[in-house]
Amino acid sequence: MDLNSMYPDRSPQTASRVIDNEAVIISPQENKVMVLNGTGSRIWELLNGDLRTDRIALVISEEFDVSYDDALNDTREFINDLYARDMLIYLEHPKEEALT
Amino acid sequence: MKDHYNDIIKKTMERNIPFIVHWELTHRCNMACSHCYCVRRDDKKELTTEEIMSVIDELAALQSLYITFSGGEILTRKDFFTIARYSRSKGFALRLLTNGTFISSEMADEIKQLNPLSVEMSVYAADPEIHDSITGTKGSFKKTMRAFQLLGQRGVKRVVKSLLMNQNADQLGALTKLSHELDSDFVYDMTVVPKDDGSRDTLRYRLDTDGMTKIFREDDRAASFEPLESVNDDTFMCTAGLNNLLISPYGEVYPCVGWKQDAGNVREQSIEQIMQSGHFQRIRSIKFDELHTCRSCDKAPYCRRCPGLAVSEDEDYLGPSSAACMLAKALKNTARGTCLEV
Ligand code: SF4
Numbered sequence: 080m081d082l083n084s085m086y087p088d089r090s091p092q093t094a095s096r097v098i099d100n101e102a103v104i105i106s107p108q109e110n111k112v113m114v115l116n117g118t119g120s121r122i123w124e125l126l127n128g129d130l131r132t133d134r135i136a137l138v139i140s141e142e143f144d145v146s147y148d149d150a151l152n153d154t155r156e157f158i159n160d161l162y163a164r165d166m167l168i169y170l171e172h173p174k175e176e177a178l179t
Numbered sequence: 006m007k008d009h010y011n012d013i014i015k016k017t018m019e020r021n022i023p024f025i026v027h028w029e030l031t032h033r034c035n036m037a038c039s040h041c042y043c044v045r046r047d048d049k050k051e052l053t054t055e056e057i058m059s060v061i062d063e064l065a066a067l068q069s070l071y072i073t074f075s076g077g078e079i080l081t082r083k084d085f086f087t088i089a090r091y092s093r094s095k096g097f098a099l100r101l102l103t104n105g106t107f108i109s110s111e112m113a114d115e116i117k118q119l120n121p122l123s124v125e126m127s128v129y130a131a132d133p134e135i136h137d138s139i140t141g142t143k144g145s146f147k148k149t150m151r152a153f154q155l156l157g158q159r160g161v162k163r164v165v166k167s168l169l170m171n172q173n174a175d176q177l178g179a180l181t182k183l184s185h186e187l188d189s190d191f192v193y194d195m196t197v198v199p200k201d202d203g204s205r206d207t208l209r210y211r212l213d214t215d216g217m218t219k220i221f222r223e224d225d226r227a228a229s230f231e232p233l234e235s236v237n238d239d240t241f242m243c244t245a246g247l248n249n250l251l252i253s254p255y256g257e258v259y260p261c262v263g264w265k266q267d268a269g270n271v272r273e274q275s276i277e278q279i280m281q282s283g284h285f286q287r288i289r290s291i292k293f294d295e296l297h298t299c300r301s302c303d304k305a306p307y308c309r310r311c312p313g314l315a316v317s318e319d320e321d322y323l324g325p326s327s328a329a330c331m332l333a334k335a336l337k338n339t340a341r342g343t344c345l346e347v
């Protein structure tokens, strides 16, 4: 299973809101509250089941003015961490496609 | 992390985002607790599943995060799991308040699927007879204990929630022990409140200051209670109507669970409009200096005054709350370890 070719989506088991560009998330494993920094919060918003990790990294590199390679590394690391905490799931096909 | 979260909470208060919602889904209940403040209104119509879902959509758009579903008994609503699942799909974190007596293994599975922050169940005594006499329902203790077990087996966080009154004032130690055995958290309160229709019948169950002091003296946390260093708008005033609200089974919106003066109905107005109503605005504007008695009270550093109770029991939202006065006296007696002030 190549996760890089899949579409990460926020886990339905996770409760979250974004207030003033800061994401407040309640992790499903421990029901603990986490507050993400600016970049993490933006990635969280982009985890919508429609974008692959490389596409998310592209948005991050443009919006936060960092190189694409750095953005890709950081985004992958961040997404892997969320996956390990059961805070996201991977979809084989984009969500939008599933709706059409 | 904690500071960050506190900053977010502050923002929700400044912008009146209803971050924390308490929702009484129904006032129907299968038990008949002596002290219950809910009054079932058969002349009013409970919100339908569709109406509730539409309010959930609205709350999600307003960035609400927490919903506590309570009753009455939430599981008397046939659509409870439809509502709860829908809330989860909209990104809400849930707390469930229930008496637990309806919870079967199948229901426990469904509750596990909801991954609630906690399921809080009322337990009034470790002695089944005392508990059942308070709930007015024979066999209720046994059923509630079964719910603790079923949910515990599934790893759901459970809380023993108790109200200590005249009938069960001697149960603090036993309830603490029971909650350890059940591997559950334990919270208790001593604030018996008037009924929603204004009747004060329930108040006869409330402990007097002496009884409250006795309980605080049994509780190590009360002995080490740190009074407020300074009493002002930031430290003393509650958050009613700032970032929390209560929705009644009939759609009425109140500033909090303790303040049962409605500011509008979700059937007629949006939550956003209700939060900007005159009632909510006035509540938010109250300053400590306006509290004519509290502002010069020496017990204020020990007090958790509830303005809603000041209204329902003492009919003055700027005055003291009798219940808070008793608790503050009891806490001051305990924290200082001095002789009783009654
Ligand atoms: S509610 Fe009673 S104890 Fe609390 S500050 Fe006011 S007067 Fe004092």
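Respectively, the protein sequence lines represent chains U and E.
By my numbering, the letter at position 91 of the first sequence is numbered 170, and the numbering carries on one by one without gaps.
By my numbering, the letter at position 261 of the second sequence is numbered 266, and the numbering carries on one by one without gaps.
Even for Gly, the Cβ is constructed at its ideal location relative to N, Cα and C.
Which one of the options has the shortest CA to CA distance from residue i?
{"i": "E/Thr207", "options": "E/Ser275, E/Gln172, E/Gln68", "result": "E/Gln172"}
{"i": "U/Glu176", "options": "U/Leu82, U/Leu130, U/Gln92", "result": "U/Leu130"}
{"i": "E/Leu251", "options": "E/Arg222, E/Gly313, E/Ala333", "result": "E/Gly313"}
{"i": "U/Met113", "options": "U/Leu161, U/Pro87, U/Val138", "result": "U/Leu161"}
{"i": "E/Asp132", "options": "E/Ser317, E/Leu122, E/Arg163, E/Phe146", "result": "E/Phe146"}
{"i": "E/His284", "options": "E/Phe293, E/His297, E/Lys95, E/Tyr259", "result": "E/Tyr259"}
{"i": "E/Gly269", "options": "E/Cys261, E/Ile279, E/Gly263, E/Val262", "result": "E/Ile279"}
{"i": "U/Lys111", "options": "E/Pro121, E/Arg287, E/Ser110", "result": "E/Pro121"}
{"i": "E/Arg46", "options": "E/Met58, E/Glu55, E/Thr53, E/His32", "result": "E/His32"}
{"i": "E/Lys265", "options": "E/Pro199, E/Arg226, E/Met242", "result": "E/Pro199"}
{"i": "E/Asp62", "options": "E/Asn11, E/Gly246, E/Lys95", "result": "E/Lys95"}
{"i": "E/Thr106", "options": "E/Cys34, E/Asp8, E/Leu187, E/Ser317", "result": "E/Cys34"}
{"i": "E/Gly203", "options": "E/Asn249, E/Ser167, E/Arg163, E/Tyr42", "result": "E/Tyr42"}
{"i": "E/Val262", "options": "E/Ala113, E/Phe97, E/Arg151, E/Ser317", "result": "E/Ser317"}
{"i": "E/Tyr4", "options": "E/Ala174, E/Thr240, E/Ala228, E/Asp201", "result": "The structure shown does not extend to residue 4 of chain E, since chain E is modelled only from 6 to 347, so the question has no answer here."}
{"i": "E/Cys311", "options": "E/Gln158, E/Glu273, E/Phe241", "result": "E/Phe241"}
Please compile the residues from chain U whose C-beta is within a distance smaller than 8 Å of the C-beta of residue i.
{"i": "E/Gly160", "result": "Those within 8 Å of E/Gly160 in chain U number zero; the least Cβ separation is about 10 Å."}
{"i": "E/Thr17", "result": "Ile98"}
{"i": "E/Ile22", "result": "Ile98"}
Please list, in chain order, the chain E residues whose beta carbon lies closer than 7 Å to that of residue i.
{"i": "U/Ala94", "result": "Leu70, Gly96, Phe97, Ala98"}
{"i": "U/Val114", "result": "Met6, His9, Tyr10, Ile13"}
Using a cut-off of 9 Å between C-beta atoms, extract the partners of residue i located in chain E.
{"i": "U/Pro107", "result": "Asn120"}
{"i": "U/Asn110", "result": "Ala98, Asn120, Pro121, Leu122, Ser123, Lys162"}
Would you kindly check if the distance between the Cβ of residue j and the Cβ of residue i is under 8 Å?
{"i": "E/Leu180", "j": "E/Val124", "result": "no"}
{"i": "E/Leu177", "j": "E/Glu223", "result": "yes"}
{"i": "U/Thr154", "j": "U/Ile135", "result": "yes"}
{"i": "E/Pro306", "j": "E/Pro232", "result": "yes"}
{"i": "E/Ser39", "j": "E/Gly160", "result": "no"}
{"i": "E/Ala315", "j": "E/Ser326", "result": "yes"}
{"i": "E/Ser75", "j": "E/Leu102", "result": "yes"}
{"i": "E/Lys334", "j": "E/Lys304", "result": "yes"}
{"i": "E/Ala340", "j": "E/Phe230", "result": "yes"}
{"i": "E/Ile79", "j": "E/Leu155", "result": "no"}
{"i": "E/Leu70", "j": "U/Ala94", "result": "yes"}
{"i": "U/Ser120", "j": "U/Glu142", "result": "no"}
{"i": "E/Arg163", "j": "E/Met126", "result": "yes"}
Which chain E residues sit within Cβ distance under 8 Å of residue i?
{"i": "U/Val103", "result": "Tyr10, Ile13, Leu70"}
Among the residues of its own chain, which have a CB less than 6 Å from the CB of residue i, if the five just before and after it don't count?
{"i": "E/Thr343", "result": "Model confidence at E/Thr343 stands at a pLDDT of 45, short of 50, so the residue's coordinates are unreliable; what they give is reported in the following sentence. Cβ neighbours of E/Thr343 beyond the five flanking positions: none."}
{"i": "E/Ser282", "result": "Ala268, Gly269"}
{"i": "E/Gly246", "result": "Pro260, Phe285, Ile288, Arg289"}
{"i": "E/Val347", "result": "Annotation note: pLDDT 38 at E/Val347 (below 50); position unreliable, coordinate value reported separately. Hits under 6 Å: Thr214, Asp215."}
Could you name the residues of the same chain whose beta carbon sits closer than 7 Å to that of residue i, not counting the 5 residues immediately before and after it, in chain order?
{"i": "E/Leu345", "result": "The predicted position of E/Leu345 is uncertain, since its pLDDT is 42 and thus under 50; a value taken from the coordinates is nonetheless stated next. Closer than 7 Å at Cβ, skipping near neighbours: Asp215, Thr218, Asn338."}
{"i": "U/Ile98", "result": "none"}
{"i": "E/Leu67", "result": "Ile22, Pro23, Ile276, Glu277"}
{"i": "E/Glu51", "result": "Thr31, Pro254, Tyr255"}
{"i": "E/Thr298", "result": "Gly324, Pro325"}
{"i": "E/Arg20", "result": "none"}
{"i": "U/Leu82", "result": "Tyr169"}
{"i": "U/Phe157", "result": "Gly119, Ile122"}
Mind checking who residue i pairs with in its DSSP beta bridge?
{"i": "E/Ser75", "result": "E/Glu29"}
{"i": "E/Asn270", "result": "E/Glu257"}
{"i": "U/Asn127", "result": "U/Asp88"}
{"i": "E/Asp132", "result": "Per DSSP, none; premise fails for E/Asp132."}
{"i": "E/Lys148", "result": "None; E/Lys148 has no bridge partner."}
{"i": "E/Lys166", "result": "E/Ser127, E/Val192"}
{"i": "U/Tyr169", "result": "U/Pro87"}
{"i": "E/Thr103", "result": "E/Met126"}
{"i": "U/Ile105", "result": "U/Ala94, U/Val112"}
{"i": "E/Asn249", "result": "E/Ile25, E/Ala245"}
{"i": "E/Ala98", "result": "E/Tyr71"}
Which chain U residues are close to residue i, counting only those with a beta carbon under 9 Å from its beta carbon?
{"i": "E/Arg93", "result": "Pro91, Gln92, Ala94"}
Under 8 Å Cβ to Cβ from residue i, same chain only, skipping five residues before and after it: list those, please.
{"i": "E/Leu169", "result": "Gln176, Leu177, Tyr193, Asp194, Met195, Leu212, Ile220"}
{"i": "E/Asp321", "result": "Ala315"}
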